[in-house]
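Working notes, beginning with the structure itself.
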Amino acid sequence: MVFAADELLQELTRTDATLREVLPRAGQGCGPDFEQRLEAHVRSLRSMLGADDLAVAIDTMEAARQVMVSTDPAAPLLMLAMARKTLSAVIHRQANTQRLHTAA
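Just add 305 to wherever you are in the sequence shown, counting from 1, and you've got my numbering.
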């Protein structure tokens with residue numbers, strides 16, 4: 306299934322909104338409601354991204370979990386920051402590819 310660039314970028318916006326909530330919750334645990342939100346992002350991205358790119362999304366959500374459950378979240382926070390940048394780059398690249406196909 307092919308998704309429009311706007312759909313990809315909207316999901317990135319929703320995912321980023323959730324990931325911004327991780328920092329204030331660092332080290333406080335990841336409750337089932339937040340766990341479900343992270344999984345919902347993975348499910349949405351699963352249908353939008355290829356297998357290699359999906360691995361980036363899964364790694365990003367796992368990094369978010371690690372920040373929340375870690376007693377010393379400094380290293381996991383760094384990993385989450387890098388994962389978020391990578392996920393953003395992957396989704397922007399995919400969106401640009403979709404734009405090129407649509408324009409052709």
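Here a beta-carbon is modelled for each residue, glycine too, at the ideal position from N, C-alpha and C.
What you are looking at is a predicted structure, and each value in this text was computed from that prediction instead of being measured.
Burial state of residue i, where buried means 16 or more other Cβ atoms lie within 10 Å
i    : result
A388 : buried
R325 : exposed
E316 : buried
L385 : buried
T376 : exposed
A379 : exposed
Three-way DSSP call (helix, strand, coil) for residue i in this model
i    : result
D377 : coil
V361 : helix
A331 : coil
L354 : coil
F308 : coil
E326 : coil
Whole-Å CB distance - residue i paired with residue j, under 8 Å assumed
i    : j    : result
T391 : V361 : 5 Å
L382 : M366 : Contact flag wrong, Cβ pair sits at about 15 Å.
Pairwise C-alpha distance: residue j and residue i
i    : j    : result
G355 : V395 : 10 Å
R330 : H406 : 40 Å
R404 : G334 : 39 Å
D364 : T320 : 13 Å
L313 : A322 : 14 Å
N401 : S352 : 17 Å
T318 : L328 : 17 Å
V374 : L359 : 23 Å
D311 : A408 : 14 Å
(message) Under 8 Å, with one C-beta from each stretch per pair, do the region 358-378 and the region 333-348 reach the 3-pair mark?
(response) Counting C-beta pairs closer than 8 Å gives three or more between the region 358-378 and the region 333-348, which meets the contact rule.
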